[in-house]
Structures are given as structure tokens and as C-alpha cells.
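Read the structure below first, then the notes.
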Amino acid sequence: MNVKVIRDSDSFLFLKEEWNRLLDASESKSVYLTWEWLWNWWAVFGEGKELFLLCLFQGDDLVGLLPLFKSTRTFLKMFRLKKLEYLGTGEKEDDEVCSNFLEPILHPEYAEVACGVISEAMMDQFGGEWDVIHLKNMDSESLTRQRLAEKFSERSCRVRSDVMFRNGVTRFDGGWEPYFQSLGQRTRKKLKREKRLLESTSGFQYVFLRDETEFQWMFREIVRMNVKRWGRSSAMASEKFKKFQERAGRELFAKEMLKLSVMRADGRVVAGNLDYSYKDVVYGYQTAFDPEYKPNVGVGFLSMVYCLENAAKEGFRVYDWYRVAPGEYKEHLLTAVRDILGLTIYRHSLASCCDPIEKLLPRN
71 MNVKVIRDSD
81 SFLFLKEEWN
91 RLLDASESKS
101 VYLTWEWLWN
111 WWAVFGEGKE
121 LFLLCLFQGD
131 DLVGLLPLFK
141 STRTFLKMFR
151 LKKLEYLGTG
161 EKEDDEVCSN
171 FLEPILHPEY
181 AEVACGVISE
191 AMMDQFGGEW
201 DVIHLKNMDS
211 ESLTRQRLAE
221 KFSERSCRVR
231 SDVMFRNGVT
241 RFDGGWEPYF
251 QSLGQRTRKK
261 LKREKRLLES
271 TSGFQYVFLR
281 DETEFQWMFR
291 EIVRMNVKRW
301 GRSSAMASEK
311 FKKFQERAGR
321 ELFAKEMLKL
331 SVMRADGRVV
341 AGNLDYSYKD
351 VVYGYQTAFD
361 PEYKPNVGVG
371 FLSMVYCLEN
381 AAKEGFRVYD
391 WYRVAPGEYK
401 EHLLTAVRDI
411 LGLTIYRHSL
421 ASCCDPIEKL
431 LPRN
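Each residue of the sequence shown is one higher than the last, beginning at 71 in my numbering.
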């Protein structure tokens, strides 16, 4: 198996078709690993970073891909901490795009051996280029994550796994009705009552983006409601975050992977969702609602329910809620939770000892 690192944006651009073919063939179901998501992330957030796409080839075929970027920070004018992180992570907190279910993209036929090839290449060929590898937001149930940790440990690296948050999902293998009937009686009654009240309001509609010409106004409504509710703390108040979502959203809509929707009631837009999809999963990404609209029902929560129902009726098997906590309003709609982990790999170097300090400093 041959290993190559892509370091320039032109080569990244031309990798699009091979990248997505490999992802389609892989076991991964993460929209956050699509070329469209990570290319646009790099276009918006790549300034000051070095591209590091570790590519594995079997003959002429791309069979493995570890999408990283490199950054360097100097401490005490002596130590230069060289760090590798997943593309799609590492932004300033205000700009964070929350890429999830990240992992090396591997062809199933080569998945096991590829983890050994990655660790060998990173130690023997590229060991001088890093002190720490931070791999955030990995599925605790991922075999690839487990294999990668084992292979780096075997090469005398210190490997640490940390729980980052709990991720919640709703599965509806049998469609919407069997899932709805599986909910508790009180939950079913509440949803029916509130939907009935909401749908009786003047001009009620819940619509999904079907035509690219409508993207701009629907996206602006999501931005407007988010900023109105959260002010400067809203992710949509970040120009970089907003620019990234607009770029990635347009490209993913062209591939039928964007689920942008709005709710109209009483003559105006009062709620909506910005979601994404890949394979058989819809990723609940961002919900917005107008805080001044108070019809005695939770329009933001119901907006999520309409998206959940639509996903089931379109044939998706999973709705991913991202981060969840005990006692949250959406807890009654979940069918499973799991841990999302961060995997940190340390080489034996003096600079790697600076990593705990670096984590406390603000992002550049």
C-alpha cells in the first residue's frame, strides 16, 4: 500500500470524485466527512493552517484517507508544538461548526490493515512533523477508532481517550407510525395536541427546500431567528460560520443532502431547521424559532418533530440529534445514546508536554 500526503488546495480540489467514491464505499455514514463539507471548511477556516491529507493507495485506487491539518505553536521561545487535527475541527469557539462522527475514511476491504499502515507512516515517514495528534468527535462504537488507538499504542505512543459528550439518536426502522406508537402515551398526546393547535393557526405551513432559488431567503430566516434569540452568542452571528454554512449548504443541496425547512404561521416564518443527510441518516444540525412568537406551544420543538417525521417518511432510518443531556426536552424522542470520544496521540517529545498548556490558550 502506497502512502502520500496532499498539502496543496489544488490537489484537494481535484480529489473530490475519488474522495466521495471512497466515502460512499466505506462504513462511515457521516455527512461531516464528505468532500463538500471539508473542502468548504478548509476554504473558510484554513488560513494559517497547513493541509495534511494522508492518502493510502492500493495500486491506482484511493483506499484510505485521513483528513488532517497541521498547526504549530511556540512556547517559551524554545518549544514548537506541532499538532495535527481533523479537518472540520479546531475553530475558535464562536465559529465552531460541530463536525461529528469523524474518522479515517477506509475502504472496507482494507480497513483493518489500513490502520496499521497509517500508524507506521505517521511514525516512520512523517514522525518529524508532529508531536500530538488530536482526533476529536469520534464514535465510541467505531472499530476504526479502536484499531487506530491499538496500532499507535503498539508503536510506543501514549494514547488517551476522553468522553467529549453524549450523542442521541432516534431510529425508525419500521417507519414513522411504529416509532410514534412506541412513544409514551403522555408524549403522544402532547405532540398530537400541540400539532393540532399549531396547524389551526392562520396560514400554517411547514415546507422543505425543493428549489435552489429559495435557498437564500430560507437560510436568511434561520439566521434571523437564531440571532434574534441568542444575540451575539448565536453561532449565526459569526461571519465565518455563516459563510461556511451557506457554501456547504448550497453544494450539499445539489447532492440532495441538505434538509432546510421553515414553519409559517400567522403570516410569517416562526421556526425552521437546518439539517443535513447522508446515506440513511438525517443529522439534526440547527433549530431556530422566533422568540417573540408565543402561541402557547413549543414551535422550536415541533419544528424538530416535523423534521423527524419527514425523515422517517422519506425512508431514512436514523435521525441524529448531536449533543444531548439528561432531562432535555428531546429526551423522550430518543431511542439510543452513545459517547463521542476524543482520541489524543502523543509522540515522546519535549514539545508534546506543552499540549495541556496549549489547550488552555485561545485559538488563533
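C-beta: ideal position from N, C-alpha, C; glycine also. Model, not experiment: these values are computed from the prediction.
Identified DSSP bridge partners for residue 160: By 1-based counting over the sequence shown, the position of residue 160 is 90. Note: residue 160 sits in no beta bridge, so no partner.
If we ignore side chains and look at the alpha-carbon of each, how far apart do residue 295 and residue 373 end up? Working through the sequence shown from its first residue, we reach residue 295 at position 225. Working through the sequence shown from its first residue, we reach residue 373 at position 303. If I take the Cα positions, the gap works out to 13 angstroms.
Roughly how far, in whole angstroms, is the beta-carbon of residue 210 from the beta-carbon of residue 415, given that I think they are within contact range, below 8 angstroms? Looking up residue 210 in the sequence shown gives position 140. Looking up residue 415 in the sequence shown gives position 345. Between residue 415 and residue 210 the Cβ distance is about 17 angstroms, and since that is not below 8 angstroms, they are no contact.
Can you tell me the Cβ-Cβ gap for residue 240 and residue 405, rounded? I've got them flagged as a contact below 8 angstroms. Position 170 of the sequence shown, counted from the start, is the residue given in the question as residue 240. Position 335 of the sequence shown, counted from the start, is the residue given in the question as residue 405. Right, the Cβ-Cβ distance comes to about 5 angstroms (below 8 angstroms), so this counts as a contact.
So what does residue 342 bridge to, in DSSP terms? By one-based count along the sequence shown, residue 342 stands at place 272. DSSP, once it has assigned bridges, lists 332, 358 as partnering residue 342.
Three or more C-beta pairs below 8 angstroms linking the stretch 385-403 and the stretch 349-369: The stretch 385-403 makes contact with the stretch 349-369; the number of CB pairs closer than 8 angstroms reaches 3 or more.
Closest to residue 413 by CA distance: which of 234, 366, 321 is it? Stepping through the sequence shown from its first residue, residue 413 is reached at position 343. Of the listed residues, the one whose Cα sits closest to residue 413 is 234.
Below 8 angstroms on the Cβ atoms is my contact criterion, and I expect residue 348 with residue 159 to pass it. Report the Cβ-Cβ distance as a whole number of Å. Indexing the sequence shown from 1 puts residue 348 at position 278. Indexing the sequence shown from 1 puts residue 159 at position 89. Wrong, their Cβ atoms sit about 18 angstroms apart, outside the cutoff.
Does the distance from the CB of residue 299 to the CB of residue 361 come in under 8 angstroms? As a working mapping, residue 299 is identified with position 229 in the sequence shown. As a working mapping, residue 361 is identified with position 291 in the sequence shown. Result yes, Cβ atoms of residue 299 and residue 361 sit closer than 8 angstroms.
Taking the continuous alpha helix (DSSP H) assigned at residue 249, which residues delimit it? Working through the sequence shown from its first residue, we reach residue 249 at position 179. Segment 246-252, the alpha helix (DSSP H) holding residue 249.
Going straight from the alpha carbon of residue 74 to that of residue 178, what length do you get? For the purposes of this step, residue 74 is taken as the residue at position 4 of the sequence shown. For the purposes of this step, residue 178 is taken as the residue at position 108 of the sequence shown. Rounded to the nearest angstrom, the two C-alpha atoms are 20 angstroms apart.
Residue range of the alpha helix (DSSP H) that includes residue 435: Because the chain is modelled from 71 through 434, residue 435 falls outside the range shown and cannot be assessed.
Please classify residue 26 as buried or exposed, where buried requires at least 16 neighbouring CB atoms within 10 angstroms. For the chain, the structure presents residues 71 to 434; residue 26 sits outside this window and is missing.
Residue 366 - DSSP class collapsed to helix/strand/coil: Translated into positions along the sequence shown, residue 366 becomes position 296. It is coil, neither helix nor strand.
Quick one: residues in its chain with C-beta nearer than 6 angstroms to the C-beta of residue 245, no 5 flanking neighbours on either side, listed in chain order? Position 175 of the sequence shown, counted from the first residue, corresponds to residue 245. Counting only Cβ-Cβ distances below 6 angstroms, and skipping sequence neighbours, we find 382.
Give the range of the beta strand (DSSP E) segment to which residue 80 is assigned. Counting from 1 along the sequence shown, the entry for residue 80 is found at position 10. Here residue 80 belongs to no beta strand (DSSP E); instead the alpha helix (DSSP H) covers 79-84.
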